[in-house]
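Only one structure is covered here, and it is reproduced in the block below.
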Amino acid sequence: MTQYLEGPQGRRIAYNRVGGQGPGVVFLGGFRSDMQGSKALWLEDWARRRGRAFLRFDYSGHGESSGAFDEGAIGDWFQDALAVIRGLTEGPQVLVGSSMGGWISLLVARTMPERLAGLVTVAAAPDFTERGFWAGFSKAERAALAESGRVELPSDYADEPYVITRRLIEDGRDHLVLDKPLPLPFPVRFLQGTADADVPMSWALDLLDHASGEDMRLTLVKGADHRFSTPDCLELIGAAINEVLACAE
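FYI, in the UniProt record's numbering the residues of the sequence shown are 1 to 249.
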């Protein structure tokens with residue numbers, strides 16, 4: 001059953017929580033996705049069957065949480081993640097970050113590494129507002145962003161276009177993780193599909209090269225797309241969590 005946490009600046013954060021043994025697992029979803037997605041629901045079932053504590057939630061402006069998506073930015077969603085982890089979990093957690101959730105999980109790891117038992121990312125997209133959106137904008141789109149504060153981009157995942165705001169771009173620059181040291185002092189498993197049209201495979205290699213840690217592995221899945229939600233891909237996510245938990249327990 002969906003519950004709500006009073007989050008930063010009065011934002012109302014929707015979440016679903018399953019009790020169980022620790023370390024718990026926390027799922028962090030992607031840009032404009034929500035906690036009803038296939039990976040989030042599969043992981044909740046995975047956790048229930050194992051008696052493992054599990055938490056999924058919606059960032060503000062996403063899913064059942066309060067706020068308008070167009071008014072949000074990486075820093076807001078990062079603060080939402082900190083609030084639910086601090087307020088709704090106990091002890092070390094394994095974070096599972098999908099796409100934008102991978103970026104946010106890295107921000108969480110940098111802020112409170114003592115609360116992480118491990119990290120699993122799926123098509124992680126760190127710094128995507130700069131490396132993806134801004135780098136891909138035409139001169140006309142950059143001018144429109146400066147003048148009107150927003151541009152619209154077509155979406156492969158929704159009928160309506162993505163609205164990209166100037167605040168999203170500028171705030172993203174305040175939360176980059178690939179421009180400074182990124183120590184990850186716990187087991188880390190990066191998962192990436194080679195047919196991902198949204199997050200280039202090279203980004204996964206860049207992240208592996210940039211981050212530091214003693215137990216860090218990247219798994220490339222030939223032909224897997226950005227959704228990474230086929231039965232085989234979902235099983236790989238579960239296996240990666242098991243690997244991390246085996247090191248933590």
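For glycine and all other residues, C-beta sits at the position ideal for the given N, C-alpha and C.
Suppose you measure from the CA of residue i to the CA of residue j; what does that come to, to the nearest Å?
i, j, result
"Gly-194", "Pro-181", "The sequence as given places Thr at residue 194; Gly does not occur at that position. Distance between the alpha carbons of Thr-194 and Pro-181 is about 26 Å."
"Val-163", "Gln-3", "28 Å"
"Gly-75", "Ala-246", "32 Å"
"Thr-165", "Val-26", "28 Å"
"Asp-174", "Phe-78", "12 Å"
"Glu-160", "Arg-150", "15 Å"
"Arg-52", "Leu-178", "32 Å"
DSSP beta-bridge partners for residue i?
i, result
"Gln-93", "Gly-24 and Leu-116"
"Gln-3", "Tyr-15"
"Thr-121", "Gly-97 and Phe-190"
"Arg-110", "Answer is none; Arg-110 lacks a bridge partner."
"Met-216", "Val-188"
"Val-221", "Gly-193"
Look at the Cβ atom of residue i, then the Cβ atom of residue j, and state whether they are nearer than 8 Å.
i, j, result
"Trp-134", "Ile-169", "yes"
"Gly-172", "Glu-130", "yes"
"Arg-32", "Phe-57", "no"
"Val-84", "Leu-5", "yes"
"Gly-61", "Glu-71", "yes"
"Ala-81", "Ser-99", "no"
"Thr-219", "Arg-189", "yes"
"Gly-91", "Pro-23", "yes"
Indicate whether the contact test is met: 3 or more Cβ pairs, each with one atom in the stretch 231-238 and one in the stretch 202-212, closer than 8 Å. no
I'd like the ranges of any alpha helix (DSSP H) spanning at least 4 consecutive residues and lying wholly in the stretch 141-210. 166-173 and 201-210
Whole beta strand (DSSP E) elements within the stretch 39-83, 3-residue minimum: 52-57
Inter-stretch contact (C-beta, 8 Å, three-pair minimum) for the stretch 40-48 and the stretch 115-135: no
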